[in-house]
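A quick write-up on the structure given underneath.
Number of protein chains: 2
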Amino acid sequence: MPERRRSPCPVACTLDLIGDRWTMLLIRDMACGKRQFKEFRGSPEGIATNILTDRLSRLVEAKLVEKFAMAEDSPRESYRLTEKGESLFPVLQVLADWGLANILGTEARMKPKSRASSLSSRA
Amino acid sequence: MPERRRSPCPVACTLDLIGDRWTMLLIRDMACGKRQFKEFRGSPEGIATNILTDRLSRLVEAKLVEKFAMAEDSPRESYRLTEKGESLFPVLQVLADWGLANILGTEARMKPKSRASSLSSRA
DNA sequence: GACAAACGCTTGCAAATTGCAACCAACTTG
DNA sequence: CAAGTTGGTTGCAATTTGCAAGCGTTTGTC
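In the order they appear, the protein sequences are chains A and B.
Residue numbering for the first sequence follows my numbering, starting at 109 and increasing by one per position.
Residue numbering for the second sequence follows my numbering, starting at 109 and increasing by one per position.
In structure tokens form, the structure reads like this:
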């Protein structure tokens, strides 16, 4: 593995992980308590299933998300944020704040389920 | 113009503006005082000139960046953040902080030139 | 326990975006 | 006035995306 890194800049490296149109939306969904494939699929932005599969596996590989079984004997895997993944809450927050302040017609509908301290109460 | 918006979510809409691998790097460069095409080109990530042209024009269109003439009689246009563009400093900051805290081997090299209050002093 | 629906994907393909290199016109420098 | 330098544009191949269809495995229903 050649370990391709564009530069040592923390901004660039962070963008290499989460700097696309979908990844932070999955983080958002998980922050709001969504855990299953169909729930992510059901978000209003309408992510395609192949993209969803790809992003979930990348997030798991980056240890921002982990798979787990909701029921102990259930064959269906679910996904949730790891502690490292939850450390992205401030990023999510600042993106939401900026959008609300600067983009007309945006509105926060979803509320974070846990770790409420990290996310604003005005959501 | 069909005004394509994926959803009214402020996170999604913000990502539609700045959620790619290059845009925030240009914001970073401008926050550090870079103003000319060649300076953006010279950043270590090595942006291609066609992508650079495209991102600059999108940023200008979104009124996050404005063109201006550095010397009054110079034919060369330069680029700088608008006030709206500078309102992205907290986004830049939180991305940099997260990268520094969570990605091994990243280091902040560039310092913001103005509006230092918005960006950390540890850079 | 047969059947249909739902779930979590995978596959195929066309369209859009990216990365790369070459080229170019306008200006500046020696 | 010739040789860079700057700020792009153009062409093209490779990668990524979006969309729809398919598919094997549960999960509900009767």
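Just so you know, even glycine gets a beta-carbon here, dropped at the ideal spot from N, CA and C.
- Proximity below 9 angstroms, CB of B:Thr-214 to CB of A:Cys-121: yes
- Query: In chain A, which residues lie with their C-beta within 8 angstroms of the C-beta of B:Glu-232?
  - Reply: Residue 232 of chain B is absent from the structure shown; chain B starts at 109 and stops at 231.
- Query: Is A:Cys-117 buried or exposed, if buried means 16 or more other CB atoms sit within 10 Å of its CB?
  - Reply: buried
- With DSSP as the reference, label B:Lys-171 as helix, strand or coil. coil
- Item | DSSP state of B:Ala-177 mapped onto helix, strand, coil | strand
- Item | Three-state secondary structure assigned by DSSP to B:Arg-188 | strand
- Integer-rounded CB distance, given that B:Tyr-187 should sit under 8 angstroms from B:Arg-53: Nothing can be reported for residue 53 of chain B, as the shown portion of chain B is limited to 109 through 231.
- Task: Kindly give me the distance between the Cβ atoms of A:Asp-124 and A:Arg-114, rounded to whole angstroms, as I take these residues to be in contact under 8 angstroms.
- Result: 7 angstroms
- Query: Using a Cβ-Cβ distance under 9 angstroms, would A:Val-168 count as near chain B?
  - Reply: no
- Message: One question on the structure: do B:Asn-210 and A:Ser-195 come within less than 9 angstroms of each other, judged by their Cβ atoms?
- Response: yes
- Task: Work out the CA separation of A:Pro-183 and B:Arg-163 for me, nearest whole Å.
- Result: 45 angstroms
- Query: Sorted by chain position, which residues of the same chain lie with C-beta nearer than 7 angstroms to A:Lys-192's C-beta, five sequence neighbours on each side aside?
  - Reply: Lys-171 and Leu-172
- Task: Buried or exposed for B:Leu-134, please, with buried defined as at least 16 other CB atoms from any protein chain shown within 10 angstroms of its CB.
- Result: buried
- Message: Once the 5 residues before and after A:Met-138 are set aside, which same chain residues still bring their CB inside 8 angstroms of it?
- Response: Val-173, Tyr-187, Arg-188, Leu-189 and Gly-193
- Item | Within chain A, partners of B:Glu-215 - CB distance below 9 angstroms | Pro-116, Cys-117 and Pro-118
- According to DSSP, is B:Thr-214 helix, strand or coil? coil
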